[in-house]
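A short worksheet on the structure shown next.
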(Lines of atoms letter the chains of each structure in order from A and count residues from 1; the text may use other names and numbers.)
(Lines give C-alpha, C1' and ligand atoms only; values in the text may rest on other atoms or scores of the structure.)
Protein backbone atom coordinates (compact mmCIF):
# COMPACT_ATOMS: atom_id res chain seq x y z
CA UNK A 1 0.00 0.00 0.00
CA UNK A 2 1.31 3.42 -0.99
CA UNK A 3 1.14 6.66 0.99
CA UNK A 4 -0.60 8.36 -1.95
CA UNK A 5 -4.18 9.22 -0.96
CA UNK A 6 -6.62 8.61 -3.84
CA UNK A 7 -9.87 9.39 -1.98
CA UNK A 8 -10.07 11.89 0.85
CA UNK A 9 -13.22 12.97 2.64
CA UNK A 10 -13.00 15.54 5.43
CA UNK A 11 -16.14 16.60 7.25
CA UNK A 12 -18.19 15.62 4.21
CA UNK A 13 -21.93 16.19 4.25
CA UNK A 14 -24.06 14.90 1.39
CA UNK A 15 -27.68 14.21 0.61
CA UNK A 16 -30.61 15.26 -1.52
CA UNK A 17 -32.66 18.46 -1.84
CA UNK A 18 -30.49 20.11 0.78
CA UNK A 19 -31.16 17.41 3.37
CA UNK A 20 -28.06 15.52 4.56
CA UNK A 21 -28.01 11.74 4.45
CA UNK A 22 -24.40 11.48 5.62
CA UNK A 23 -22.66 13.96 7.91
CA UNK A 24 -19.11 14.78 8.98
CA UNK A 25 -17.52 11.89 7.10
CA UNK A 26 -13.74 11.56 7.43
CA UNK A 27 -12.30 8.83 5.23
CA UNK A 28 -9.13 8.16 3.26
CA UNK A 29 -8.41 5.40 0.76
CA UNK A 30 -4.83 5.06 -0.44
CA UNK A 31 -3.26 3.72 -3.58
CA UNK A 32 -3.19 -0.07 -3.34
CA UNK A 33 -5.75 -0.15 -0.51
CA UNK A 34 -9.08 -1.92 -0.43
CA UNK A 35 -11.44 -0.30 2.06
CA UNK A 36 -14.77 -1.79 3.16
CA UNK A 37 -17.72 0.48 3.91
CA UNK A 38 -20.38 -1.34 5.91
CA UNK A 39 -23.76 -0.42 7.33
CA UNK A 40 -27.41 -1.38 7.39
CA UNK A 41 -29.89 -0.34 4.70
CA UNK A 42 -30.36 3.42 4.73
CA UNK A 43 -27.10 4.13 6.54
CA UNK A 44 -25.81 6.29 3.66
CA UNK A 45 -23.35 3.96 1.96
CA UNK A 46 -24.63 4.43 -1.58
CA UNK A 47 -25.00 8.18 -1.09
CA UNK A 48 -21.35 8.28 -0.07
CA UNK A 49 -20.23 6.44 -3.20
CA UNK A 50 -22.43 8.54 -5.49
CA UNK A 51 -21.01 11.71 -3.97
CA UNK A 52 -17.44 10.56 -4.51
CA UNK A 53 -18.37 9.62 -8.09
CA UNK A 54 -19.78 13.08 -8.77
CA UNK A 55 -23.38 11.95 -9.19
CA UNK A 56 -24.47 13.72 -5.99
CA UNK A 57 -23.21 17.19 -5.09
CA UNK A 58 -21.70 17.56 -1.59
CA UNK A 59 -23.57 19.78 0.85
CA UNK A 60 -20.40 20.65 2.74
CA UNK A 61 -16.93 19.54 3.73
CA UNK A 62 -14.03 18.48 1.53
CA UNK A 63 -13.83 15.82 -1.18
CA UNK A 64 -10.55 15.15 -3.00
CA UNK A 65 -9.62 12.66 -5.71
CA UNK A 66 -5.93 12.00 -6.37
CA UNK A 67 -4.98 14.99 -4.25
CA UNK A 68 -7.18 17.46 -6.15
CA UNK A 69 -10.41 19.00 -4.96
CA UNK A 70 -13.38 17.34 -6.63
CA UNK A 71 -15.58 19.90 -8.44
CA UNK A 72 -18.66 18.05 -7.22
CA UNK A 73 -21.66 16.80 -9.22
CA UNK A 74 -19.55 16.08 -12.31
CA UNK A 75 -19.18 12.39 -13.07
CA UNK A 76 -17.18 13.24 -16.20
CA UNK A 77 -14.60 15.05 -14.08
CA UNK A 78 -14.40 12.05 -11.76
CA UNK A 79 -13.85 9.71 -14.71
CA UNK A 80 -11.04 11.95 -15.90
CA UNK A 81 -9.39 11.32 -12.53
CA UNK A 82 -9.46 7.60 -13.32
CA UNK A 83 -12.54 6.77 -11.26
CA UNK A 84 -14.88 3.89 -12.07
CA UNK A 85 -18.23 3.22 -10.39
CA UNK A 86 -19.78 -0.24 -10.42
CA UNK A 87 -23.31 -0.73 -9.11
CA UNK A 88 -25.71 -3.63 -8.89
CA UNK A 89 -27.44 -2.60 -12.15
CA UNK A 90 -24.26 -3.73 -13.98
CA UNK A 91 -24.60 -1.45 -16.99
CA UNK A 92 -23.98 -4.11 -19.60
CA UNK A 93 -25.56 -4.15 -23.08
CA UNK A 94 -27.67 -7.34 -23.30
CA UNK A 95 -27.99 -7.51 -27.13
CA UNK A 96 -24.22 -7.26 -27.61
CA UNK A 97 -21.78 -10.13 -27.27
CA UNK A 98 -19.55 -10.48 -24.25
CA UNK A 99 -16.62 -9.57 -26.49
CA UNK A 100 -18.28 -6.36 -27.70
CA UNK A 101 -19.25 -5.40 -24.15
CA UNK A 102 -15.60 -5.71 -23.16
CA UNK A 103 -14.51 -3.64 -26.15
CA UNK A 104 -16.77 -0.81 -25.02
CA UNK A 105 -14.71 -0.59 -21.85
CA UNK A 106 -11.64 0.42 -23.89
CA UNK A 107 -9.42 -1.99 -22.03
CA UNK A 108 -7.64 -5.14 -23.10
CA UNK A 109 -9.92 -8.14 -23.56
CA UNK A 110 -7.04 -10.39 -22.54
CA UNK A 111 -6.66 -8.41 -19.32
CA UNK A 112 -10.40 -8.69 -18.63
CA UNK A 113 -10.30 -12.46 -19.15
CA UNK A 114 -7.28 -12.61 -16.85
CA UNK A 115 -9.52 -11.52 -13.98
CA UNK A 116 -12.38 -13.86 -14.94
CA UNK A 117 -11.14 -16.76 -17.13
CA UNK A 118 -14.62 -18.28 -17.00
CA UNK A 119 -15.81 -15.58 -19.43
CA UNK A 120 -13.50 -16.88 -22.18
CA UNK A 121 -15.95 -19.51 -23.42
CA UNK A 122 -18.76 -16.95 -23.55
CA UNK A 123 -17.02 -14.24 -25.62
CA UNK A 124 -19.29 -14.80 -28.62
CA UNK A 125 -22.46 -15.12 -26.57
CA UNK A 126 -24.99 -12.33 -26.08
CA UNK A 127 -24.48 -10.74 -22.67
CA UNK A 128 -28.20 -10.89 -21.96
CA UNK A 129 -28.05 -14.69 -22.00
CA UNK A 130 -25.51 -14.87 -19.19
CA UNK A 131 -26.48 -15.68 -15.62
CA UNK A 132 -26.68 -12.84 -13.12
CA UNK A 133 -23.31 -13.78 -11.67
CA UNK A 134 -21.69 -13.94 -15.10
CA UNK A 135 -23.14 -10.54 -15.98
CA UNK A 136 -21.65 -9.03 -12.84
CA UNK A 137 -18.30 -10.62 -13.68
CA UNK A 138 -18.55 -9.08 -17.15
CA UNK A 139 -19.34 -5.64 -15.75
CA UNK A 140 -16.42 -5.80 -13.32
CA UNK A 141 -14.03 -7.28 -15.90
CA UNK A 142 -14.80 -4.42 -18.28
CA UNK A 143 -13.93 -1.89 -15.60
CA UNK A 144 -10.78 -3.63 -14.39
CA UNK A 145 -9.46 -4.05 -17.93
CA UNK A 146 -9.30 -0.25 -18.23
CA UNK A 147 -7.01 -0.03 -15.17
CA UNK A 148 -8.83 2.71 -13.20
CA UNK A 149 -6.99 4.38 -10.35
CA UNK A 150 -10.08 4.52 -8.13
CA UNK A 151 -12.82 1.87 -8.03
CA UNK A 152 -16.13 2.34 -6.22
CA UNK A 153 -18.11 -0.90 -5.93
CA UNK A 154 -21.65 -0.81 -4.56
CA UNK A 155 -23.38 -3.98 -3.35
CA UNK A 156 -22.08 -6.28 -6.08
CA UNK A 157 -23.43 -9.35 -4.32
CA UNK A 158 -27.17 -8.63 -4.44
CA UNK A 159 -28.96 -11.81 -5.46
CA UNK A 160 -25.75 -13.70 -6.19
CA UNK A 161 -24.43 -17.00 -4.83
CA UNK A 162 -21.66 -16.81 -2.21
CA UNK A 163 -19.10 -18.40 -4.55
CA UNK A 164 -19.73 -15.68 -7.15
CA UNK A 165 -19.47 -12.99 -4.48
CA UNK A 166 -16.11 -14.39 -3.42
CA UNK A 167 -14.86 -14.28 -7.03
CA UNK A 168 -15.90 -10.64 -7.41
CA UNK A 169 -14.23 -9.64 -4.16
CA UNK A 170 -11.07 -11.53 -5.14
CA UNK A 171 -10.90 -9.61 -8.42
CA UNK A 172 -11.20 -6.30 -6.59
CA UNK A 173 -8.45 -7.42 -4.23
CA UNK A 174 -6.24 -8.21 -7.22
CA UNK A 175 -6.88 -4.74 -8.64
CA UNK A 176 -5.90 -3.17 -5.32
CA UNK A 177 -2.73 -5.24 -5.25
CA UNK A 178 -1.90 -3.72 -8.64
CA UNK A 179 -2.26 -0.22 -7.18
CA UNK A 180 -5.93 0.74 -7.49
CA UNK A 181 -7.72 2.37 -4.57
CA UNK A 182 -10.89 0.36 -3.96
CA UNK A 183 -13.87 1.41 -1.85
CA UNK A 184 -16.27 -1.51 -1.46
CA UNK A 185 -19.81 -1.37 -0.10
CA UNK A 186 -20.84 -4.94 0.63
CA UNK A 187 -23.58 -6.65 2.65
CA UNK A 188 -21.59 -9.91 2.97
CA UNK A 189 -19.36 -8.53 5.71
CA UNK A 190 -17.34 -11.72 6.45
CA UNK A 191 -16.42 -12.18 2.77
CA UNK A 192 -15.44 -8.53 2.41
CA UNK A 193 -13.46 -8.50 5.66
CA UNK A 194 -11.35 -11.32 4.31
CA UNK A 195 -10.13 -9.09 1.48
CA UNK A 196 -10.10 -5.47 2.66
CA UNK A 197 -7.26 -3.69 4.43
CA UNK A 198 -9.40 -1.33 6.49
CA UNK A 199 -13.08 -0.92 7.20
CA UNK A 200 -15.52 1.79 8.21
CA UNK A 201 -19.00 1.31 9.64
CA UNK A 202 -21.77 3.81 8.86
CA UNK A 203 -24.72 4.14 11.21
CA UNK A 204 -27.43 6.73 10.49
CA UNK A 205 -25.15 8.64 8.16
CA UNK A 206 -22.13 8.83 10.44
CA UNK A 207 -18.98 6.75 10.70
CA UNK A 208 -19.00 5.09 14.11
CA UNK A 209 -16.03 2.77 13.59
CA UNK A 210 -12.92 2.86 11.42
CA UNK A 211 -10.28 0.21 11.94
CA UNK A 212 -7.80 -2.18 10.35
CA UNK A 213 -9.64 -5.19 8.97
CA UNK A 214 -7.28 -7.57 10.76
CA UNK A 215 -8.58 -6.30 14.10
CA UNK A 216 -12.18 -6.78 13.01
CA UNK A 217 -11.49 -10.27 11.69
CA UNK A 218 -10.38 -11.17 15.21
CA UNK A 219 -13.67 -9.81 16.60
CA UNK A 220 -16.25 -10.86 14.00
CA UNK A 221 -19.28 -9.77 16.05
CA UNK A 222 -18.23 -6.15 16.57
CA UNK A 223 -19.86 -4.84 13.41
CA UNK A 224 -23.16 -6.61 14.07
CA UNK A 225 -23.08 -5.36 17.65
CA UNK A 226 -22.76 -1.80 16.32
CA UNK A 227 -25.77 -2.34 14.07
CA UNK A 228 -27.85 -3.61 16.99
CA UNK A 229 -26.64 -1.03 19.51
CA UNK A 230 -27.48 1.86 17.19
CA UNK A 231 -30.76 0.45 15.89
CA UNK A 232 -33.72 2.77 16.12
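Numbering (my numbering), first residue to last: 407 to 638.
Idealized CB from N, CA, C, for every residue including glycine.
None of the values given here were measured: they were computed from a predicted structure.
Rounded separation between residue i and residue j - CA only
i	j	result
residue 612	residue 633	12 Å
residue 593	residue 618	18 Å
residue 426	residue 467	12 Å
residue 564	residue 496	11 Å
residue 475	residue 488	14 Å
residue 447	residue 635	15 Å
residue 409	residue 501	43 Å
Contact check, residue i vs residue j, beta carbons under 8 Å
i	j	result
residue 471	residue 557	no
residue 440	residue 597	no
residue 445	residue 608	yes
residue 528	residue 541	no
residue 591	residue 561	yes
residue 513	residue 548	yes
residue 456	residue 559	no
residue 511	residue 552	yes
residue 606	residue 433	yes
residue 420	residue 411	no
Run of the alpha helix (DSSP H) containing residue i, from where it starts to where it stops
i	result
residue 621	619-623
residue 473	Per DSSP, residue 473 belongs to no alpha helix (DSSP H) and is neither H nor E.
residue 542	538-551
For residue i, the first and last residue of its enclosing beta strand (DSSP E)
i	result
residue 507	Taken as a continuous stretch (DSSP letters only), residue 507 belongs to no beta strand (DSSP E), being part of the alpha helix (DSSP H) at 504-510.
residue 558	556-560
The ligand HEM heavy atom lying under 7 Å from the CB of residue i
i	result
residue 583	By its list of ligands, the structure shown contains no ligand whatsoever, and the ligand HEM lies outside what it can speak to.
Minimum length 3: unbroken beta strand (DSSP E) runs contained in the region 562-616: The qualifying runs are 587-591 and 604-609.
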